[in-house]
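K.L.:
For the sequence shown, position 125 (counting from the first letter as 1) is numbered 125 according to the UniProt record's numbering, and the numbering increases by one without interruption. Provided herewith is a single structure, encoded as structure tokens, for subsequent inquiry.
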Amino acid sequence: MPQPAPASPPALNSFDEFTRLDQVILGRAEHYNAHHTDTSWRLFFYDNVAPVLGRHANASGEELLPIPGQLVDELNEDIAGLADALTGCGVKVLRPATPGKDIDIRSPHWDARATPPLNVRDQTIILGNTIVETPPHVRARIFENDLLKPVFYRYYRDGANWLSMPRPALTRDSLDTAYFTRKNLDVSRATDGESAGVIEGLGLEMVFDGAQCMRLGRDVLVNVANHNHELALRWLRDNIRDLRFHRLDAMADNHIDSVLVPLRPGLMLLRSPAYLKYLPKAMQSWDVIYAPETDDSNFPDYSDLGFVIPIGSRYMDINLLSIDENTVVVNSLYPELIQVLEGRGFTVVPVRHRHRRLFGGGFHCFTLDTVRRGGPEDYLS
Ligand SMILES: N[C@@H](Cc1ccc(O)cc1)C(=O)O
Ligand SMILES: NC(=[NH2+])NCCC[C@H](N)C(=O)O
Numbered sequence: 001m002p003q004p005a006p007a008s009p010p011a012l013n014s015f016d017e018f019t020r021l022d023q024v025i026l027g028r029a030e031h032y033n034a035h036h037t038d039t040s041w042r043l044f045f046y047d048n049v050a051p052v053l054g055r056h057a058n059a060s061g062e063e064l065l066p067i068p069g070q071l072v073d074e075l076n077e078d079i080a081g082l083a084d085a086l087t088g089c090g091v092k093v094l095r096p097a098t099p100g101k102d103i104d105i106r107s108p109h110w111d112a113r114a115t116p117p118l119n120v121r122d123q124t125i126i127l128g129n130t131i132v133e134t135p136p137h138v139r140a141r142i143f144e145n146d147l148l149k150p151v152f153y154r155y156y157r158d159g160a161n162w163l164s165m166p167r168p169a170l171t172r173d174s175l176d177t178a179y180f181t182r183k184n185l186d187v188s189r190a191t192d193g194e195s196a197g198v199i200e201g202l203g204l205e206m207v208f209d210g211a212q213c214m215r216l217g218r219d220v221l222v223n224v225a226n227h228n229h230e231l232a233l234r235w236l237r238d239n240i241r242d243l244r245f246h247r248l249d250a251m252a253d254n255h256i257d258s259v260l261v262p263l264r265p266g267l268m269l270l271r272s273p274a275y276l277k278y279l280p281k282a283m284q285s286w287d288v289i290y291a292p293e294t295d296d297s298n299f300p301d302y303s304d305l306g307f308v309i310p311i312g313s314r315y316m317d318i319n320l321l322s323i324d325e326n327t328v329v330v331n332s333l334y335p336e337l338i339q340v341l342e343g344r345g346f347t348v349v350p351v352r353h354r355h356r357r358l359f360g361g362g363f364h365c366f367t368l369d370t371v372r373r374g375g376p377e378d379y380l381s
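Next up, the structure:
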């Protein structure tokens, strides 16, 4: 149920995914009019884009793949609906700065068209009173957090701690393909045509996205699918001493928020029973809501718009955002899930979100919850 935010907003405090939400950063999509499909992009989204790589005239190599303006406008409309719904629930909504124009970036080793700050979940983890910036896999995202700095400085002035994992050079040799090798997948369609430079002696780097974590009070689940992630897990354990980090062994290639969403202590939403085995023992006895089958008619038909690549899976809508332990914001285009959640006693706030597969994000991806009421509780014993 909507509750008024406390009179003086507290400083950064966010330890979990489900206690009462008071403040959130919501991403924005202005200038999201192309995907730069370099090797780092093609590898990151490989599970989803492999079937279409090569089908398009140029997609076998690096290119700037345009996204029709109508889709960007419709996405912005849906995000505005999300902002209104959150405000209506008594949540204070903060926004990143706007890029203002298309931005081409260049490092000493590669260049890219910058990605706007839409999926703000991905490049940062809030761990209690600490902002942790994470080292991106996709080159186009390396400066994305600059647009969140005005908000981060506000929290910093109010006493938050602020850390960044080492910035990766993202050279030709930086990224580990072990996840795919383990599954006997040939990723040459992603790596052929690689144009980035090399730094002699560097090799695999710390590369990791905030969305590979799920926070549960004093415990944090961390998906580790390759050596890039392994280095990041070590960094987290070395630098954040008062939380327990649990390694999930390759539960997914990278992000896990369209696989698993803890809804409240003892209850989670899970993509399917096949994922239970990746979770810590204590969570395997939680009550589970499995993602119901969804219908193709819930997804827009893009056939009249020319070639568009869905970078996200059909499971994107698992990616809901909790307002509190009984209230969740869910895509209105996943009525099957709404029905199941209402059947379990949840109040569902439906918000329309059409192009989740094209921009690769649901409501959890678009948001970074900076203030929730919960603390470092032990939910796992
Ligand atoms: N297979 C990944 C790829 C992906 C990542 C981020 C996105 O925004 C979209 C797609 C999905 O889990 O998690
Ligand atoms: N935080 C995020 N951007 N999450 C997106 C995860 C998407 C996931 N790969 C899927 O395709 O379903």
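Using N, Cα and C, we set each Cβ at its ideal position, and we do this for glycine too. Note that the structure is predicted; figures quoted are calculated from it, not measured.
1) Compute the Euclidean distance between the alpha carbons of Ser40 and Pro135, then round it to the nearest angstrom.
2) Give the single residue among Arg264, Ala282 and Asp295 whose Cα lies nearest to the Cα of Arg344.
3) Please determine whether the Cβ atom of Gly312 lies at a distance below 6 Å from any heavy atom of ligand 2.
4) Just to check my reading of the structure: Asn319 and Gly374 have Cβ atoms closer than 8 Å, yes? What is that Cβ distance to the nearest angstrom?
5) Would the beta-carbon of Ala112 fall within 7 Å of that of Ala140?
6) Using beta-carbon positions only, say whether Asn223 and Leu248 come within less than 7 Å of one another.
7) Extract the residue ranges of the beta strand (DSSP E) inside the stretch 226–303, only unbroken runs of 3 or more that lie entirely within it.
8) Would the C-beta of Cys213 count as close to ligand 2, meaning under 6 Å from any of its heavy atoms?
9) Taking its Cβ as the centre, do 16 or more other Cβ atoms sit within 10 Å of Asp253, making it buried, or is it exposed?
10) Taking the beta strand (DSSP E) that Thr327 falls in, what are its first and last residues?
11) Just to confirm, are Leu94 and Ala29 a CB contact at a threshold of 7 Å?
12) What residue range is occupied by the uninterrupted alpha helix (DSSP H) comprising Val93?
13) From His109 to Gly312, what distance separates their C-alpha atoms?
14) Less than 6 Å between C-beta atoms, sequence neighbours within five positions excluded: which residues of the same chain meet that for Val349?
15) Measure how close the beta-carbons of Phe359 and Tyr32 come, nearest whole angstrom, since I'm counting them as under 8 Å.
16) Taking the straight line between their C-alpha atoms, what separation do you get for Trp235 and Leu341?
17) Tell me which same chain residues have a C-beta within less than 7 Å of the C-beta of Ile125, skipping the five on either side of it?
18) With a threshold of 7 Å on Cβ separation, who are the neighbours of Arg378 within its own chain once the five nearest residues in sequence on each side are excluded?
19) Taking all protein chains shown into account, decide if Leu71 is buried (16 or more other Cβ within 10 angstroms of its Cβ) or exposed.
20) Tell me whether Leu337 is buried or exposed, calling it buried when 16 or more other Cβ atoms sit within 10 Å of its Cβ.
21) Can you tell me which of the three DSSP states Ala84 falls into?
22) Quick test of the definition: if touching needs 3 or more C-beta pairs under 8 Å, does the stretch 190–203 touch the stretch 43–56?
23) Any idea what DSSP makes of Pro335, helix, strand or coil?
24) Would Leu279 and Arg121 qualify as a contact pair, given that the criterion is a beta-carbon distance under 7 Å?
25) Go ahead and pull the three-state DSSP assignment for Pro150.
26) List the whole-angstrom C-beta distance separating Leu163 from Asn239, where the pair is believed to meet the contact cut-off of C-beta under 8 Å.
27) Identify, in the order they occur along the chain, each residue of the same chain with its Cβ nearer than 6 Å to the Cβ of Thr177, setting aside the five sequence neighbours on each side.
28) With burial defined as no fewer than 16 other Cβ atoms inside 10 Å of the residue's Cβ, what is the status of Thr171: buried or exposed?
29) Mind checking whether Ile309 and Val91 have CB atoms under 7 Å apart?
P.N.:
Looking at the coordinates:
1) Here residue 40 refers to the residue found at position 40 when the sequence shown is read from its first residue. Here residue 135 refers to the residue found at position 135 when the sequence shown is read from its first residue. Answer to the nearest angstrom: the Cα atoms are 13 Å apart.
2) Position 344 of the sequence shown, counted from the first residue, corresponds to residue 344. For Arg344, the nearest C-alpha among the options comes from Arg264.
3) In the sequence shown, residue 312 corresponds to position 312, counting from 1. It does: the Cβ of Gly312 is within 6 Å (strictly closer) of some heavy atom of ligand 2.
4) The residue given as residue 319 occupies position 319 in the sequence shown. The residue given as residue 374 occupies position 374 in the sequence shown. Between Asn319 and Gly374 a beta carbon distance of about 20 Å is seen, past the 8 Å cut, so the two are scored as non-contacting.
5) Looking up residue 112 in the sequence shown gives position 112. Looking up residue 140 in the sequence shown gives position 140. Yes.
6) Along the sequence shown, one-based indexing puts residue 223 at 223. Along the sequence shown, one-based indexing puts residue 248 at 248. In this structure, Leu248 lies closer than 7 Å to Asn223 by Cβ.
7) 244–249, 260–264, 267–270 and 287–290
8) Numbered from 1 along the sequence shown, position 213 holds the residue referred to as residue 213. Flag unset: Cβ of Cys213 not near ligand 2.
9) Translated into the one-based positions of the sequence shown, residue 253 becomes position 253. It is buried - the Cβ of Asp253 has at least 16 other Cβ atoms within 10 Å.
10) Walking along the sequence shown from the start, residue 327 turns up at place 327. That run of the beta strand (DSSP E) goes Thr327 to Asn331.
11) As a position in the sequence shown, residue 94 is number 94, starting the count at 1. As a position in the sequence shown, residue 29 is number 29, starting the count at 1. No. Outside cutoff.
12) In the sequence shown, residue 93 corresponds to position 93, counting from 1. Taken as a continuous stretch (DSSP letters only), Val93 belongs to no alpha helix (DSSP H), being part of the beta strand (DSSP E) at Lys92 to Leu94.
13) Start at 1 with the first residue of the sequence shown, and residue 109 comes out as number 109. Start at 1 with the first residue of the sequence shown, and residue 312 comes out as number 312. His109 and Gly312: Cα-Cα distance of roughly 28 Å.
14) Here residue 349 refers to the residue found at position 349 of the sequence shown. Result list for Val349: Ala85 and Val329, in chain order.
15) Within the sequence shown, residue 359 is the residue found at index 359, counting from 1. Within the sequence shown, residue 32 is the residue found at index 32, counting from 1. Right, the Cβ-Cβ distance comes to about 6 Å (below 8 Å), so this counts as a contact.
16) As a working mapping, residue 235 is identified with position 235 in the sequence shown. As a working mapping, residue 341 is identified with position 341 in the sequence shown. The C-alpha of Leu341 is placed about 37 Å away from the C-alpha of Trp235.
17) Residue 125 sits at position 125 when you count from the first residue of the sequence shown. Spatial neighbours of Ile125 in its own chain (CB-CB distance under 7 Å, excluding positions within 5 residues in sequence) are listed in chain order as Val132, Thr134, Gly210 and Cys213.
18) On the sequence shown, position 378 is the one that residue 378 refers to. Note that residue 378 is Asp in the sequence shown here, rather than Arg. These residues qualify, in order along the chain: Gly217 and Arg218.
19) For the purposes of this step, residue 71 is taken as residue 71 along the sequence shown, with counting starting at 1. Leu71 should be labelled buried.
20) As a first step, residue 337 must be located in the sequence shown, where it is residue number 337. By the neighbour-count rule (16 or more Cβ atoms within 10 Å), Leu337 is buried.
21) For the purposes of this step, residue 84 is identified with residue 84 of the sequence shown, where counting begins at 1. It is Asp, not Ala, that sits at residue 84 in the sequence shown. Helix.
22) yes
23) One-based indexing of the sequence shown puts residue 335 at position 335. Pro335: helix per DSSP, three-state reduction.
24) Working through the sequence shown from its first residue, we reach residue 279 at position 279. Working through the sequence shown from its first residue, we reach residue 121 at position 121. In this structure, Arg121 does not lie closer than 7 Å to Leu279 by Cβ.
25) On the sequence shown, position 150 is the one that residue 150 refers to. In the structure shown, Pro150 sits in a helix (DSSP, three-state: H, G or I).
26) Counting from 1 along the sequence shown, the entry for residue 163 is found at position 163. Counting from 1 along the sequence shown, the entry for residue 239 is found at position 239. With a contact defined as Cβ atoms closer than 8 Å, Leu163 and Asn239 qualify at about 6 Å.
27) The residue given as residue 177 occupies position 177 in the sequence shown. Within its own chain, the residues whose Cβ lies closer than 6 Å to the Cβ of Thr177, once the five positions on either side in sequence are excluded, are Val187, listed in chain order.
28) Along the sequence shown, read from residue 1 onward, the residue named residue 171 stands at position 171. Buried.
29) As a working note, residue 309 is residue 309 in the sequence shown. As a working note, residue 91 is residue 91 in the sequence shown. Against a cut-off of 7 Å, the Cβ pair of Val91 and Ile309 comes out as no contact.
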